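Below is one structure, written out as structure tokens, with a few remarks after it.
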Amino acid sequence: MKHFIITGHSKGLGAGIVTQLMDENYHIHGISRTDNIDLQKLAKAKGCTIDFYSCDLGHTDEIEPVMQQIFAKIKPEETEGVYLINNAGLIKPIGPIETLDPAEMDLHMRVNLLAPMLIIREFIKATTGWQIQKRVLNISSGAATNPYYGWSNYCTGKAGLDMFTRSCATEQEKKQYPVELMAVAPGIIDTGMQTTIRGTTEEQFIHRQKFVDLKESGQLIAPNLAGKKIQELLLSNDFTNGAITDIRDQYN
Ligand SMILES: NC(=O)c1ccc[n+]([C@@H]2O[C@H](COP(=O)([O-])OP(=O)(O)OC[C@H]3O[C@@H](n4cnc5c(N)ncnc54)[C@H](OP(=O)(O)O)[C@@H]3O)[C@@H](O)[C@H]2O)c1
């Protein structure tokens, strides 16, 4: 059995990844605020279990108990590998920094950066000494390395997530049974996040029209296709501890 813990499994890219992980030998643990009933039905038909853990990752004090609940269900002696995909994220607030609401900024950094850090902490703590494959894949963005006008929070959170990946990877290199960590920028995917981006004003986000054009010309990547690439990366021999990769060019 392989266990997959994924945040933000209910919609968008997360749902695309889960769809690609539906296998009777896989057990999926999805952490989101809402469940996805269609996904549950599809999984059941394929003999795959998805356990849903209702959690608002903005409430960071909920993370430790949720991770403990998940690890109570994983028996290392019956497990071939355990995988964590930190996928949940938000794009808001969007706009020049002086226009942003501090409470929205606080929520953004908790969901996009602090929550994955705490989840990784729990993952590493719970699996210390487990002699099985242990991998963490953080969903990053091109915005981690390229500044975008109006996306200061999003760019900063993703840059932080990349650096956290690299820092933890360095620590794991010294361990007897290390967890391997990577981050991946998945490309521009046709999800609710893109709807939010198109719903902003030019004053908030000066590149808005480019994203409208990408949608209208059919250039956004389908979540299931992105999910397939991510599933392949997660389980491949190319998975490299500490690496930050961009799979944007792999869809052609
Ligand atoms: N779409 C793109 O073009 C693109 C490009 C690069 C990177 N990414 C990254 O890909 C990841 C997924 O984005 P997406 O485009 O799939 O976005 P999405 O369609 O908006 O889905 C976001 C997911 O995160 C969950 N989520 C949001 N806030 C949460 C919270 N407070 N607590 C728990 N779960 C929460 C949502 O579940 P609930 O609503 O059920 O809580 C949902 O499943 C993000 O990390 C994003 O930064 C996306």
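Just so you know, this note's numbering puts 531 at position 124 of the sequence shown, and the rest follows in order with no gaps.
All C-beta atoms in this analysis are idealised placements derived from N, C-alpha and C, irrespective of residue type, glycine included.
All figures in this text were calculated on a predicted structure; none of them were measured in a lab.
Cβ-Cβ distances below 7 Å link Q657 to K636 in the same chain, with the five nearest sequence neighbours on each side left out; the list follows chain order. In the three-state reduction of the DSSP assignment, F411 falls in the strand class, which pools E and B.
Less than 7 Å divides the Cβ of G465 from the Cβ of L514. When L520, D653, H436 and R615 are compared, the shortest CA-CA separation from T414 is found for H436. Within a 10 Å sphere around the beta-carbon of D620 sit fewer than 16 other beta-carbons, which makes this residue exposed. For R440, the shortest separation between its Cβ and any heavy atom of ligand 1 lies below 6 Å. For M570, no pairing in a beta bridge is given by DSSP. Residue burial annotation: N659 is exposed, with fewer than 16 other C-beta atoms found within 10 angstroms of its C-beta. Apart from sequence neighbours up to five positions away, the residues of its chain that approach R655 with a beta-carbon distance below 6 Å are G594, ordered along the chain. Relative to G549, the option among R517, K541, P523 and S559 whose CA is nearest is S559. Look at K453 here: in three-state DSSP terms it is coil, with no helix or strand label. Rounded to the nearest whole angstrom, the CA to CA distance from K581 to V543 is 17 Å. Bounds of the beta strand (DSSP E) holding R542 are Q540 to I546. Its Cα nearest to that of I492, the residue F530 stands out among F530, N553 and P509. For E487, the closest of D430, M408, P472 and K451 by C-alpha to C-alpha distance is M408. In this structure, T602 keeps its C-beta atom at 7 Å or more from the C-beta atom of R615.
In the structure shown, E587 adopts extended strand secondary structure according to DSSP, grouped into three states.
The straight-line gap separating the alpha-carbon atoms of A450 and A533 is approximately 26 Å. Boundaries cannot be given for T467, as no beta strand (DSSP E) includes it and DSSP labels it neither H nor E. By alpha-carbon distance to A650, the top candidate from S643, T506 and A576 is A576.
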